[in-house]
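See structure below.
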């Protein structure tokens, strides 16, 4: 289970080391903190996306949700002068509500997640642009929410708050996913919904909850992004961000078929994506190649993971034979081959770590 | 050990069970009595009414006519959960296991053991693994609680599915083609699992097309044809040839 995360961590370390060796600026304090900030910003909603992917679904609406919730948030603070705690609460509730609607459509009305959230992507973006007449919303010169701004974009002892938020949320969701009954059910539902239902699990509630959590985390991310950019232009704010989240989750070991993935993997996946983006800048690779580099790395990563897994399965099958064969047929020939294969397994697993 | 045909209470008693789907009569006038610790083979060609009967007993849908008594009391199931609540478990052909989880996780799926940590309830992995190991021991299966179901043989998967039924102390276990898709050696394992259930006083209904399996473990064989029960005989009083002719209709009833 932990092999994937370990592999990802090693990949991250190797890439960082190589980049740092070529250009020491990569490992400078300022650059590391900058990356930590971006990892925090992009990690929070990737966690929600990961949960949804573990159920076997997908959430394509996140980026548009940022735009819609973002313009509403800024409007609440500036035009309507709503106190920031209330505005924050409303945006979080808005995220939860949008997630809830999507979850309802997917589980109760049996619509496909891809279609529901694709329509969400189109609708929220359209709503945001219509609401603002396509004009950028930003904070004026007043300090409408300086307290919240300080919380969302400040730092503690130099460490960006966004990164701290990510760690806190990752810990909470890690316990939820890996230690709680809900998490266990999430994996079961993602792999074999029918089996989960036969076991008495209310699969609709489990799946819908994942979308609600994803929506809620989108609300949190909205606030963090708004204070990161300080303005929201409704046609471009958050564009493609859901794809970053999906990429991070897949890179982190989530299977789009559902039932696979971990919180640590998603965080590492996000980190790897941000490191890749950063090294494109640092190494002077033309910025236009940014997406191409990302795509290539994801492609290679997923391919390598599949190959490793297939190898592991073959080994496991061999080990299974080695375990049972001597008992069934105590013949001399069988026994020697089985001990051989057992030895092969031992050396094999040694290589993989 | 409880021997079949004890004069005691039947665990399951069906009287005049019938089922219509619109104009189609799927079942008609089925009577059946199963005692604790009895293994009954349910045989019949495709469309003979086996699955309809099993689904009625399992609570997937109610019968149109007739009465079901479980443990001496009349019961009316609306949903499968109702049947499970009184002690009826079904081991489905596709096994209904989540193969990304461990054996122990599957045994406890939907019934996880928790330990309290302040206001939170966390999974109690240790207790679940220990209990699962115990259950596998009872079934004399070498399945290991921490193995992923994905990596298991068909026989081990059956052990996991059957351990699930032991967890809830089911009194009647219905198995849908448990030996259909597995190797000869694993068939042996599964049949011995059925023996273990019998030893513990659990009644088993074995739905199978495989004549040798039915004759190896069953006390009685029930043959369905065209929605009716055509035969209900002790294994000792019949032969594979007779059962085959009953299934195909070469022989009308026995």
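Residue numbers (the working numbering), protein chains in the order written: chain C, 2 to 354; chain D, 61 to 314. Positions of the beta carbon are idealized from the N, C-alpha and C atoms, including for glycine.
Nonlocal neighbours in the same chain, by C-beta distance under 6 Å from residue i, ignoring five residues either side
i, result
"residue 232 of chain D", "71, 72, 148, 263"
"residue 104 of chain C", "209, 212, 213"
"residue 146 of chain C", "78, 85"
"residue 212 of chain D", "none"
"residue 190 of chain D", "none"
"residue 116 of chain D", "123"
"residue 149 of chain C", "85"
"residue 225 of chain C", "42, 153, 163"
"residue 245 of chain C", "43"
"residue 221 of chain C", "45"
Beta-carbon proximity list for residue i, same chain, < 7 Å, skipping 5 on both sides
i, result
"residue 155 of chain C", "162"
"residue 118 of chain C", "59, 60, 61, 62, 103"
"residue 217 of chain C", "93, 96, 97, 100"
"residue 114 of chain C", "58, 59, 107"
DSSP-derived helix/strand/coil call for residue i
i, result
"residue 314 of chain C", "helix"
"residue 188 of chain D", "helix"
"residue 134 of chain D", "strand"
"residue 126 of chain D", "strand"
"residue 343 of chain C", "The pLDDT assigned to residue 343 of chain C is 41, lower than 50, so where the model puts this residue is not dependable, and the model offers no usable value."
"residue 180 of chain D", "strand"
"residue 255 of chain D", "helix"
"residue 61 of chain C", "coil"
"residue 78 of chain D", "strand"
"residue 210 of chain C", "helix"
"residue 156 of chain C", "strand"
"residue 88 of chain D", "strand"
"residue 147 of chain C", "helix"
"residue 204 of chain D", "coil"
"residue 296 of chain C", "helix"
"residue 72 of chain C", "helix"
"residue 261 of chain C", "coil"
"residue 336 of chain C", "Only weak support exists for where residue 336 of chain C lies, its pLDDT of 40 falling under 50; the value from the coordinates is given anyway. Three-state DSSP puts residue 336 of chain C in a helix."
"residue 151 of chain D", "strand"
"residue 300 of chain D", "helix"
"residue 226 of chain D", "helix"
"residue 267 of chain D", "strand"
Length of the line joining the Cα atoms of residue i and residue j
i, j, result
"residue 227 of chain C", "residue 293 of chain C", "27 Å"
"residue 8 of chain C", "residue 252 of chain C", "11 Å"
"residue 20 of chain C", "residue 308 of chain C", "26 Å"
"residue 136 of chain D", "residue 225 of chain D", "21 Å"
"residue 247 of chain C", "residue 50 of chain C", "7 Å"
"residue 4 of chain C", "residue 175 of chain C", "17 Å"
"residue 314 of chain C", "residue 129 of chain C", "48 Å"
"residue 138 of chain C", "residue 127 of chain C", "15 Å"
"residue 105 of chain D", "residue 303 of chain D", "11 Å"
"residue 248 of chain D", "residue 41 of chain C", "55 Å"
"residue 333 of chain C", "residue 250 of chain D", "Because the pLDDT of residue 333 of chain C is 41, which lies under 50, any placement of that residue in the model is unreliable, and the number read from its coordinates should be weighed accordingly. The alpha-carbon atoms of residue 333 of chain C and residue 250 of chain D are separated by roughly 28 Å."
"residue 193 of chain C", "residue 156 of chain D", "8 Å"
"residue 140 of chain C", "residue 279 of chain C", "28 Å"
"residue 297 of chain D", "residue 291 of chain D", "11 Å"
"residue 290 of chain C", "residue 259 of chain C", "31 Å"
"residue 300 of chain D", "residue 235 of chain D", "20 Å"
"residue 206 of chain C", "residue 242 of chain C", "26 Å"
"residue 134 of chain C", "residue 124 of chain C", "15 Å"
Contacting residues, own chain, Cβ-Cβ under 8 Å from residue i (five flanking each side not counted)
i, result
"residue 245 of chain D", "215"
"residue 13 of chain C", "269, 272, 273, 276"
"residue 158 of chain D", "165, 166, 169, 209"
"residue 171 of chain D", "227, 228"
Meets three-Cβ-pair contact criterion under 8 Å: the stretch 77-93 of chain D and the stretch 282-296 of chain D: By the C-beta criterion, the stretch 77-93 of chain D is judged to be in contact with the stretch 282-296 of chain D, since at least 3 inter-stretch pairs fall below 8 Å.
Touch test, the stretch 162-172 of chain C against the stretch 36-43 of chain C, Cβ-Cβ under 8 Å, three pairs minimum: As far as the Cβ criterion goes, the stretch 162-172 of chain C touches the stretch 36-43 of chain C, which means the pair count is three or higher.
Segment contact flag, the stretch 50-59 of chain C with the stretch 233-240 of chain C, C-beta cutoff 8 Å, min 3 pairs: As far as the Cβ criterion goes, the stretch 50-59 of chain C does not touch the stretch 233-240 of chain C, which means the pair count is below three.
Interfacial residues, the stretch 156-176 of chain D to chain E, with Cβ spacing under 7 Å: In summary, chain E is missing from the structure at hand, where the protein chains are C and D.
Stretch-stretch touch, CB-based, cutoff 8 Å, three pairs: the stretch 179-198 of chain C with the stretch 59-70 of chain C: The stretch 179-198 of chain C, when compared against the stretch 59-70 of chain C, does not touch it at the 8 Å Cβ threshold.
Contact list for the stretch 214-230 of chain C against chain D, Cβ threshold 8 Å: So the list is empty, because no residue satisfies the distance condition.
Interface residues of the stretch 163-192 of chain C facing chain D [CB-CB below 9 Å]: Listed by position along the chain: 176, 179, 180, 181, 182, 184, 185, 186, 188, 189, 190, 191, 192.
Contact set between the stretch 177-198 of chain D and chain C, restricted to residues whose Cβ is under 8 Å from the partner: Cβ contacts with chain C come from 180, 181, 182, 183.
Validate contact between the stretch 123-140 of chain D and the stretch 156-165 of chain D using beta carbons, cut 8 Å, 3 pairs: Judged by Cβ distances under 8 Å, the stretch 123-140 of chain D makes no contact with the stretch 156-165 of chain D, as fewer than three pairs qualify.
Inter-stretch contact (C-beta, 8 Å, three-pair minimum) for the stretch 187-205 of chain C and the stretch 65-73 of chain C: Fewer than three Cβ pairs drawn from the stretch 187-205 of chain C and the stretch 65-73 of chain C lie within less than 8 Å of each other, which leaves the two stretches out of contact.
Where the stretch 236-270 of chain C meets chain D: residues whose CB sits under 7 Å from a CB there: When CB distances to chain D are screened at a threshold of 7 Å, the residues of the stretch 236-270 of chain C falling below it are 260, 261, in chain order.
Cβ contact check for the stretch 262-277 of chain D and the stretch 90-106 of chain D: 3 or more pairs under 8 Å: Inter-segment contact for the stretch 262-277 of chain D and the stretch 90-106 of chain D is present: three or more beta-carbon pairs are separated by less than 8 Å.
Selection of the stretch 215-228 of chain D by Cβ proximity to chain C, strictly under 7 Å: Within the stretch 215-228 of chain D, no residue has its Cβ closer than 7 Å to any Cβ of chain C.
Short-range partners of chain D found in the stretch 195-215 of chain C, where Cβ spacing is below 8 Å: Going along the stretch 195-215 of chain C in chain order, one finds 195, 196, 197, 199, 200, 201, 202 with a Cβ nearer than 8 Å to chain D.
Against chain D: residues of the stretch 5-24 of chain C by CB proximity under 9 Å: Answer set for the stretch 5-24 of chain C: empty.
Chain-ordered residues of the stretch 132-150 of chain D with a beta carbon less than 9 Å from chain C: Within the stretch 132-150 of chain D, the residues whose Cβ lies closer than 9 Å to some Cβ of chain C are 140, 141, 144, 150, listed in chain order.
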